[in-house]
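Residue numbers (the numbering used here): 112 to 240.
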């Protein structure tokens, strides 16, 4: 995977506030927040990080974006995720582009692209206007 396989923006909000805002923006776009994982502790245990890191898991409840009829392997793409982390003192919010997975499951590409557009719109809520 290359750096171009993600869409990342920076925000002035602290990571915890950004997680809360991502959750609120996602709900406003018809997504349900399944879980928020605080990865910081796990990373600290391995001596890898030291800065806050969260993974927000989202599920689109719209029936026209349901991947389950497409393939049993669609479960690899669920739920959608947005990462919120701090790097070099900056809070970053990131969504994974569907490119790498779409190559593995081309029949799912249209659904993944639609979900990705919503993920980007959630991330873009943090871009100053």
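Positions of the beta carbon are idealized from the N, C-alpha and C atoms, including for glycine. Since the structure is predicted, the reported quantities are computational estimates derived from the model, not experimental observations.
query	result
Residue 193 bridges to which residues according to DSSP?	167, 206
Which of the three DSSP states is assigned to residue 142 in this structure?	strand
If you run the structure through DSSP and keep just helix, strand and coil, what is residue 149?	strand
Using the Cα positions of residue 163 and residue 233, report the straight-line distance between them to the nearest angstrom.	20 Å
For residue 131 and residue 121, what's the separation of their Cα atoms in angstroms?	15 Å
For residue 194, which residues in the same chain have their Cβ closer than 6 Å to its Cβ, ignoring the five residues on either side in sequence?	166, 205
Kindly indicate if chain B contains any beta-carbon less than 8 Å away from that of residue 146.	Structure shown: chain B not included; a single protein chain is present.
How is the beta strand (DSSP E) around residue 117 delimited, first residue to last?	117-122
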